[in-house]
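Per numbering that gives the first Met the number 0, the sequence shown starts with residue 0, numbered consecutively.
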Amino acid sequence: MTHELTAAGLASASGKTTESAVEDTVGWWRDAVIYQVYVRSFADSDGDGIGDLRGVRSRLPHLARLGVDAVWLTPFYASPQADGGYDVADYRAVDPVFGDLADADDLVRAAHALGLRVIVDVVPNHTSDRHPWFREALAAGPASPSRARYHFRPGRGADGCEPPNDWESVFGGPAWTRTPDGDWYLHLFAPQQPDLNWEHPEVAEEFASVLRFWLDLGVDGFRIDVAHGMVKAPGLPDIGRGAQATLIGTEPLPFFDQDGVHEIHRSWRLLLDSYEGPRIGVAEAWAPTSERLALYVRPDELHQAFNFRFLNCPWDAAAMRTVIEESLAATSAVGAPTTWVLSNHDVVRHVTRYGNGDGPRGLARARAAALLMLALPGSAYLYQGEELGLPEVTDLPDEVRRDPAFRRTAGQDGLRDGCRIPLPWSGLEPPFGFGPSGRSWLPQPRGWGSLTVAAQTGNPHSTLELYRAALELRRALPGLGSPDAGPLAWQPAPEGVLLFTRPGFACTLNTRTEPLELPSPGRPVLSSAPVETDGRTVRLPPDSCTWWVL
Ligand code: GLC
């Protein structure tokens, strides 16, 4: 690819040496902006239509220029790809489709040379059914010690032909699959993702070794997949109502958010702290309340947990304020900063969520929500493409869909491919610079020519330039973002409007569909839509967010 650079080339392009340019900051994660790269859809270096590690490396300058602090890479490990790589067959190998270990090593070094930290995914709740442990367990037969690393059980009913309990998979259907020898095994996700038994000492030992492997390679931390699921209630009790488990549910369940998971996270914290760093752990955890979620970020546990309540909050000023207040209160009670996130590879992109069928309105709200998020104290996660204002692609043909839940639920669920469309970088036609061939593993909409990085660069009205300006200001003004800069104070505001101040800074959010006049809180420095102010009053546009210097 013409834009591909070597690590040295990257470093000289940025004016930095090949040495790490990552600043030695003790609490770097407390207000870090972390960009999620869904590797398969970011950039393809070899023309097979699938994004890869060399592709990511070649596009690091985009991330450095955007102004993020770190990159989180979704799983690129050896995997049959039954669930986009969240089914790992070898935790220490790179899947050939994404490159090899040398590519991973080069990528980490190149990122560090640009001052970007690198977080990788770890998937400890389940392995792939092609993992050597699971193959061994299947071959060894019922009651064999190799089966004890997973949850194998005899069935219920006549001839054991019914599952051992009533749990349902997050991806639809029973959470149990029967093997030819009659035993059943547990999989909270797809049948190709058998759940590990974390009571087995070898499981903990193996994952400690896997973490060390990647820490030794130089990664700055881990995003821990299903961090709330590794421990199941003793005896695997029935739920009693046959309801399907959802990953984002808030009801207590016997397989999520069990107290025992915290022991694992404590041991991982000790391991992370034994490395120079700090190296961090971020939990993908769903808990019934903000208080339960905060338990994952107690001082001796993980550094961060995704705040999915913020992501799930509707476009409603009062609801947003409640989520913000409760999130800040819950995490500050344990001395941790809050995280904020609007989109990821598992949910409908927020342009489309907020728009509810109205594209321009969705984009206006998404831009405003981004400024709101980046003004809040704590760490913010961006999902690739949100800086371009990408919408969800909702009209993918069934035959190209890969989400395993799509087929397990007969198309009622499993629509996550719509947020995983390969990124548009440049040009007027697919694949929009995604790779050197015309291929992309999911089709891109033909109309994305105006959404590419190249098309938006230099256009002051573009979403990309809005994100760039926001991240630059966030670095310059500590009152933005830093949880240590001082309190967030809510100021009186009309219904549908949020107004809060931070040291030297104010933020207004107008969620109403009409403009609104207010006394001007200060000097406007950035807005998601043009504001009119005479210095004394301001006319806030509908669905907009504005940053003010006091
Ligand atoms: C997490 C991942 C999701 C995956 C699931 C099972 O929720 O984000 O993509 O399907 O775990 O590993």
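By construction, the Cβ of each residue, glycine as well, lies at the ideal position given by its N, Cα and C atoms. All values derive from a computational prediction rather than experimental measurement.
Are the beta-carbon atoms of L195 and T126 separated by less than 8 angstroms? In the sequence shown, residue 195 corresponds to position 196, counting from 1. In the sequence shown, residue 126 corresponds to position 127, counting from 1. Cβ atoms of L195 and T126: closer than 8 angstroms.
Output the distance between the C-alpha atoms of E275 and G334, rounded to the nearest integer angstrom. As a first step, residue 275 must be located in the sequence shown, where it is residue number 276. As a first step, residue 334 must be located in the sequence shown, where it is residue number 335. Each residue's alpha carbon lies about 22 angstroms from the other.
May I ask whether a heavy atom of the ligand GLC can be found less than 7 angstroms away from the beta carbon of E283?
Here the question's residue 283 lines up with position 284 in the sequence shown. Result yes, Cβ under 7 angstroms from the ligand GLC.
Quick check: does the Cβ of F188 come within less than 7 angstroms of any heavy atom belonging to the ligand GLC? For the purposes of this step, residue 188 is taken as residue 189 along the sequence shown, with counting starting at 1. Yes, the Cβ of F188 comes within 7 angstroms of a heavy atom of the ligand GLC.
**Message:** Tell me whether D224, by its Cβ, gets closer than 7 angstroms to a heavy atom of the ligand GLC.
**Reply:** Here residue 224 is taken as the residue at index 225 of the sequence shown, counted from 1. Because some heavy atom of the ligand GLC lies under 7 angstroms away, the Cβ of D224 counts as near it: yes.
Check your understanding: Is the beta carbon of Y85 within less than 7 angstroms of some heavy atom of the ligand GLC?
Key -> Taking the sequence shown and counting its residues from 1, the one referred to as residue 85 is at position 86. Yes, Cβ of Y85 sits closer than 7 angstroms to a heavy atom of the ligand GLC.
Item to check | Bridge partner(s) assigned by DSSP for S168 | outcome: Counting from 1 along the sequence shown, the entry for residue 168 is found at position 169. Answer by DSSP bridge pairing: none, since S168 is not bridged.
- prompt: Thinking C-beta only, is V107 closer than 8 angstroms to V209?
  reply: Against the sequence shown, residue 209 aligns to sequence position 210. Against the sequence shown, residue 107 aligns to sequence position 108. No, they are not a contact pair.
How many Å lie between L539 and W447 at the Cα?
For the purposes of this step, residue 539 is taken as the residue at position 540 of the sequence shown. For the purposes of this step, residue 447 is taken as the residue at position 448 of the sequence shown. Straight-line Cα distance between these residues: approximately 30 angstroms.
Query - Q35: first and last residue of the uninterrupted beta strand (DSSP E) it sits in - result: The residue you call residue 35 lines up with position 36 of the sequence shown. That run of the beta strand (DSSP E) goes V32 to V36.
Between G434 and G84, which are expected to be in contact by the criterion C-beta below 8 angstroms, what is the C-beta distance as a whole number of angstroms?
Taking the first residue of the sequence shown as 1, we reach residue 434 at position 435. Taking the first residue of the sequence shown as 1, we reach residue 84 at position 85. Between G84 and G434 the Cβ distance is about 18 angstroms, and since that is not below 8 angstroms, they are no contact.
What is the DSSP secondary structure of Q553, reduced to helix, strand or coil? Absent from the model: residue 553. The displayed extent of the chain is 0 to 549, so no value can be given.
Exercise. Could you have a look at W339 and say whether DSSP puts it in helix, strand or coil?
Key: Working through the sequence shown from its first residue, we reach residue 339 at position 340. Of the three classes helix, strand and coil, the one that applies to W339 here is strand, per DSSP.
Contact set for D412: own chain, Cβ-Cβ below 8 angstroms, skip 5 residues either direction: Start at 1 with the first residue of the sequence shown, and residue 412 comes out as number 413. Here the set comprises F170, G171, A404 and F405.
If you draw a straight line from the alpha carbon of A6 to that of A20, how long is it in whole angstroms?
Working through the sequence shown from its first residue, we reach residue 6 at position 7. Working through the sequence shown from its first residue, we reach residue 20 at position 21. Confidence is the limiting factor: at A6 the pLDDT is only 33, short of 50, which leaves the residue's position unreliable and the question unanswerable from this model.
### Bounding residues of the alpha helix (DSSP H) (the contiguous stretch that carries A505)
Within the sequence shown, the letter at position 506 stands for residue 505. Here A505 belongs to no alpha helix (DSSP H); instead the beta strand (DSSP E) covers F504 to N509.
*Mind checking whether the beta-carbon of D82 lies closer than 7 angstroms to any heavy atom of the ligand GLC?*
On the sequence shown, residue 82 is found 83 positions in, with the first residue counted as 1. Indeed, a heavy atom of the ligand GLC lies less than 7 angstroms from the Cβ.
Self-check item: DSSP state of H61 mapped onto helix, strand, coil
Solution: For the purposes of this step, residue 61 is identified with residue 62 of the sequence shown, where counting begins at 1. Looking at H61 - three-state DSSP - the assignment turns out to be helix.
Kindly list the residues whose CB is nearer than 7 angstroms to the CB of P541, restricted to its own chain and excluding five residues on each side of it in sequence; keep chain order.
Taking the sequence shown and counting its residues from 1, the one referred to as residue 541 is at position 542. Hits under 7 angstroms: N509, R511, T512, E513 and P514.
Residues near H2 in its chain [Cβ-Cβ closer than 6 angstroms; skip 5 each side]: In the sequence shown, residue 2 corresponds to position 3, counting from 1. Residue placement at H2 is poorly supported in this model, since its pLDDT is 32, which falls under 50; the coordinates still yield a value, given next. The answer, listed in chain order, is S57.
Review point. When every heavy atom of the ligand GLC is checked, does at least one fall within less than 7 angstroms of the C-beta of V530?
Key: In the sequence shown, the residue the question calls residue 530 occupies position 531. Flag unset: Cβ of V530 not near the ligand GLC.
Could you check where the beta strand (DSSP E) with P149 kicks off and where it finishes?
-> In the sequence shown, residue 149 corresponds to position 150, counting from 1. The sequence given here places Tyr at residue 149; Pro does not occur at that position. Y149 -> no beta strand (DSSP E), and no H or E assigned at all.
**Q.** Element boundaries [beta strand (DSSP E), containing F499]
**A.** Along the sequence shown, one-based indexing puts residue 499 at 500. Counting along the chain, the beta strand (DSSP E) containing F499 begins and ends at V496 to R501.
Checklist entry - What's the C-alpha gap between G259 and V230? => result Here the question's residue 259 lines up with position 260 in the sequence shown. Here the question's residue 230 lines up with position 231 in the sequence shown. In a straight line, the C-alpha of G259 is about 6 angstroms away from that of V230.
(Q) Let me confirm a value: N355 is counted as buried when at least 16 other C-beta atoms fall within 10 Å, else exposed. Which label applies? (A) As a position in the sequence shown, residue 355 is number 356, starting the count at 1. N355 is exposed by the Cβ-count criterion.
Checklist entry - On the three-state DSSP scale, how would you describe G220? => result Position 221 of the sequence shown, counting from 1, holds the residue named residue 220. It is a strand residue.
Self-check item: Whether D86 touches P79 by CB criterion (8 angstroms)
Solution: Numbered from its first residue, the sequence shown carries residue 86 at position 87. Numbered from its first residue, the sequence shown carries residue 79 at position 80. Closer than 8 angstroms, so yes.
Using only the alpha-carbon positions, how far apart do D394 and G417 sit?
Within the sequence shown, residue 394 is the residue found at index 395, counting from 1. Within the sequence shown, residue 417 is the residue found at index 418, counting from 1. Spanning the two alpha carbons is a distance of roughly 8 angstroms.
For the ligand GLC, is there any heavy atom lying closer than 7 angstroms to the beta carbon of D416? Position 417 of the sequence shown, counting from 1, holds the residue named residue 416. D416: no, Cβ never under 7 angstroms from the ligand GLC.
Could you say which of R415, D402 and R401 lies nearest to V392 if we only look at CA atoms? Within the sequence shown, numbered from 1, the residue matching residue 392 stands at position 393. With distances taken between Cα atoms, V392 lies closest to R415.
Checking 8 angstroms against the spacing of the C-beta atoms, do L470 and L65 come in under that value? In the sequence shown, residue 470 corresponds to position 471, counting from 1. In the sequence shown, residue 65 corresponds to position 66, counting from 1. Cβ atoms of L470 and L65: closer than 8 angstroms.
So what's D397 in DSSP terms, helix, strand or just coil? One-based indexing of the sequence shown puts residue 397 at position 398. If DSSP states are grouped into helix, strand and coil, D397 belongs with the helices.
At a threshold of 7 angstroms, does D105 count as lining the ligand GLC (C-beta to nearest heavy atom)?
On the sequence shown, position 106 is the one that residue 105 refers to. The answer is no for D105.
- Just curious, the alpha helix (DSSP H) that A92 is in, first and last residue? Residue 92 sits at position 93 when you count from the first residue of the sequence shown. Note, A92: premise wrong, no alpha helix (DSSP H); beta strand (DSSP E) at D89 to V93.
Sub-8 angstroms separation of A31 and S378 beta-carbons: Looking up residue 31 in the sequence shown gives position 32. Looking up residue 378 in the sequence shown gives position 379. Going by C-beta atoms, A31 is nearer than 8 angstroms to S378.
Query raised in the report: Which value, in whole angstroms, describes the spacing of the CA atoms of T233 and D180?
Result: Position 234 of the sequence shown holds residue 233. Position 181 of the sequence shown holds residue 180. Correcting the residue identity first, residue 233 is Pro in this sequence and not Thr. P233 and D180: Cα-Cα distance of roughly 25 angstroms.
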